[in-house]
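Novice: Submitted below is the structure of interest, expressed as structure tokens.
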Amino acid sequence: MKVVAIANQKGGVGKTTTALNLSAALALRGQRVLLVDLDPQANCTSGLGIEPPDGCSMYPVLLGDTTVAQQILPTGRENLSLLPSEMDLAGVEIELARSDDHLTRLRNILQALKPNDLFEYCILDTPPSLGVLMTSALAAADEILIPLQCEYFALEGLSKIVHVIEQIRASGANPGLQIGGILMTMFMRNNLAQQVINEVQSHFGDVIYKTVVPRTVRLS
Numbered sequence: 200m201k202v203v204a205i206a207n208q209k210g211g212v213g214k215t216t217t218a219l220n221l222s223a224a225l226a227l228r229g230q231r232v233l234l235v236d237l238d239p240q241a242n243c244t245s246g247l248g249i250e251p252p253d254g255c256s257m258y259p260v261l262l263g264d265t266t267v268a269q270q271i272l273p274t275g276r277e278n279l280s281l282l283p284s285e286m287d288l289a290g291v292e293i294e295l296a297r298s299d300d301h302l303t304r305l306r307n308i309l310q311a312l313k314p315n316d317l318f319e320y321c322i323l324d325t326p327p328s329l330g331v332l333m334t335s336a337l338a339a340a341d342e343i344l345i346p347l348q349c350e351y352f353a354l355e356g357l358s359k360i361v362h363v364i365e366q367i368r369a370s371g372a373n374p375g376l377q378i379g380g381i382l383m384t385m386f387m388r389n390n391l392a393q394q395v396i397n398e399v400q401s402h403f404g405d406v407i408y409k410t411v412v413p414r415t416v417r418l419s
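Heads up: the sequence shown begins at 200 in this note's numbering, then just goes up one per residue.
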């Protein structure tokens with residue numbers, strides 16, 4: 200099972216839209232996918248039209264009150280399963296921060312799913328912050344996919360998340376963490392957007408995906 204974190208501490212860059220559509224596309228290709236909603240706002244969960252029962256999220260799993268397998272729900276879509284989110288998940292930031300293994304707890308939970316070969320991909324949708332949930336996702340992931348808005352301030356956000364990735368590697372929590380790719384989103388045909396893409400390409404080269412996602416009201 201390959202674990203991919205969709206992450207950027209900046210909000211509104213297309214993380215949830217990317218996580219939903221990437222998961223659905225992989226499922227359509229016949230890959231068995233587990234989509235994990237780690238954002239307490241639960242947009243991935245509602246985006247799939249699912250209203251989970253109370254207490255159904257990664258929250259009780261991270262606290263050791265239940266197993267990850269008991270929290271996974273079917274989505275009604277072939278090959279696609281969901282571990283939903285709820286507002287209570289916001290409380291885990293405080294509770295996990297007190298524990299010595301807060302960085303590696305999610306990693307160990309997901310590692311337990313790998314031997315049974317139920318899923319080929321695990322996609323993590325992360326919250327727009329640099330808190331415990333985001334860093335736990337980075338520590339658990341094999342690689343990170345960074346959605347990046349085609350705007351100037353996005354470049355500052357990119358440098359911050361790259362710094363966090365380096366810190367995760369250096370801490371020993373996930374020394375093999377790689378940037379799987381940078382996805383340029385909300386592209387508009389203007390000089391600024393093209394300058395931002397050129398700037399990212401000059402620093403990251405082939406890590407930036409060839410596909411550029413345009414801004415569209417219909418998608419919203």
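Cβ atoms here follow ideal geometry from the backbone N, Cα and C, with glycine treated the same way.
(1) Does DSSP classify G404 as helix, strand or coil?
(2) Is the separation between the beta-carbon of M200 and that of F386 shorter than 9 Å?
(3) Out of curiosity, what's the CA-to-CA distance linking L337 and N389?
(4) Report yes if the C-beta distance between E285 and D324 is below 9 Å; otherwise report no.
(5) Looking at C-alpha atoms only, which residue of G213, T265, V202, R297 is the closest neighbour of L347?
(6) DSSP state of I180, grouped into three classes?
(7) How is the alpha helix (DSSP H) around L308 delimited, first residue to last?
(8) Rounded to whole angstroms, what is the Cα-Cα separation between L376 and I364?
(9) Count the C-beta pairs between the stretch 266-283 and the stretch 305-318 that are closer than 8 Å, then say yes if the count reaches three, no if not.
(10) Who are the near neighbours of R368 in its chain, counting only those whose CB is closer than 7 Å to its CB and skipping five residues on each side?
(11) Can you confirm whether the stretch 348-360 touches the stretch 205-223 when touching is taken to mean that 3 or more C-beta pairs between the two stretches lie within less than 8 Å?
(12) Using 8 Å as the threshold, is the stretch 221-232 in touch with the stretch 274-288, meaning 3 or more CB pairs across them?
(13) If we ignore side chains and look at the alpha-carbon of each, how far apart do I205 and A218 end up?
(14) Using a threshold of 9 Å, state whether the C-beta atoms of V235 and E342 are closer than that.
Specialist: On the basis of the coordinates in this document:
(1) Counting from one through the sequence shown, the residue named residue 404 turns up at place 205. Helix.
(2) In the sequence shown, counting from the first residue as 1, residue 200 sits at position 1. In the sequence shown, counting from the first residue as 1, residue 386 sits at position 187. With contacts defined as CB atoms closer than 9 Å, M200 and F386 fail to qualify as a contacting pair.
(3) One-based indexing of the sequence shown puts residue 337 at position 138. One-based indexing of the sequence shown puts residue 389 at position 190. If I take the Cα positions, the gap works out to 33 Å.
(4) Here residue 285 is taken as the residue at index 86 of the sequence shown, counted from 1. Here residue 324 is taken as the residue at index 125 of the sequence shown, counted from 1. Contact annotation: E285 and D324 have beta-carbon atoms that are not nearer than 9 Å.
(5) For this step, residue 347 is matched to residue 148 along the sequence shown. Measuring from the Cα of L347, the nearest candidate turns out to be G213.
(6) The first residue shown for the chain is 200 and the last is 419, placing residue 180 beyond what the model contains.
(7) Translated into positions along the sequence shown, residue 308 becomes position 109. A quick correction: the sequence has Ile, not Leu, at residue 308. Residues 304-310.
(8) Residue mapping note: residue 376 aligns to position 177 of the sequence shown, counting from 1. Residue mapping note: residue 364 aligns to position 165 of the sequence shown, counting from 1. Looking at the two C-alpha atoms, the distance is approximately 7 Å.
(9) Remark: three or more beta-carbon pairs, one from each stretch, lie closer than 8 Å, so the stretch 266-283 and the stretch 305-318 are flagged as touching.
(10) Here the question's residue 368 lines up with position 169 in the sequence shown. Taking R368 as the centre and dropping the five residues before and after it, the same chain places the C-beta of P374, L376 closer than 7 Å to its C-beta, in chain order.
(11) A contact exists between the stretch 205-223 and the stretch 348-360.
(12) Verdict: yes, contact present.
(13) As a working mapping, residue 205 is identified with position 6 in the sequence shown. As a working mapping, residue 218 is identified with position 19 in the sequence shown. The alpha-carbon atoms of I205 and A218 are separated by roughly 6 Å.
(14) Against the sequence shown, residue 235 aligns to sequence position 36. Against the sequence shown, residue 342 aligns to sequence position 143. Contact: no.
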